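*Asks:* For reference, the structure I am asking about is given below.
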Amino acid sequence: MKKNLEKVAKEDGRYSPQAVKFVYEGLGYAAQKMVAEPEHVSGKVLCKGLQKLAIEKWGRLAMLVLNNWNIRSTSDFGQIVYLMIKNKWMSAQPTDSIEDFTGVYDFKTVFKDEFAF
């Protein structure tokens, strides 16, 4: 039996359970709204989906919420994804890499500077 996401987050200790649940929710969001074939969502597409979902949920407070959960860059999204892969909540293709999440966008740029009401 696999561990629930809250237990996965607490055992790892780097990110809050809410952060892990948000990334998991973002996978479903990206699969539904951003890709033609929802069987696979790339790291870059997942990051873009998480950006859109965060703005939909929290608007101008998105960066504050994510930072509060210790998510400060798209690399943190990758760390959470690979934590979930390790715990069998997600799967990866052989061509996937944690580096796919590095530098996809800058949080200050997308959540503050480019934010549009």
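Sequential numbering of the sequence shown, starting at 8, is according to this note's numbering.
C-beta atoms are modelled at their ideal positions from N, C-alpha and C, and glycine is treated no differently.
It should be emphasised that the depicted structure is a prediction, and the values quoted were computed from it without experimental measurement.
Ignore the nearest five residues each way along the sequence and tell me which others in lysine 48's own chain have a CB closer than 8 Å to its CB.
*Replies:* Checking the sequence, you will find valine at residue 48 rather than lysine. Same-chain partners within the cutoff: Leu34, Ala37, Ala38, Met41, Val42, Gly56.
*Asks:* Is there contact between the segment 104-121 and the segment 76-95, where contact requires at least three CB pairs shorter than 8 Å?
*Replies:* The answer is yes - the segment 76-95 touches the segment 104-121, with three or more Cβ pairs under 8 Å.
*Asks:* With the cut-off set at 7 Å, would you say phenylalanine 118 and alanine 69 are in Cβ contact?
*Replies:* yes
*Asks:* Grab me the residues of proline 24's own chain with a C-beta within less than 7 Å of its C-beta, minus the 5 sequence neighbours each way, in chain order.
*Replies:* Within the same chain, proline 24 has close Cβ partners Leu12, Glu13, Ala16, Lys17.
*Asks:* Grouping DSSP H, G and I as helix and E and B as strand, with all else coil, what is proline 24?
*Replies:* helix
*Asks:* Does the Cβ of leucine 71 have 16 or more other Cβ atoms within 10 Å, making it buried, or fewer, making it exposed?
*Replies:* exposed
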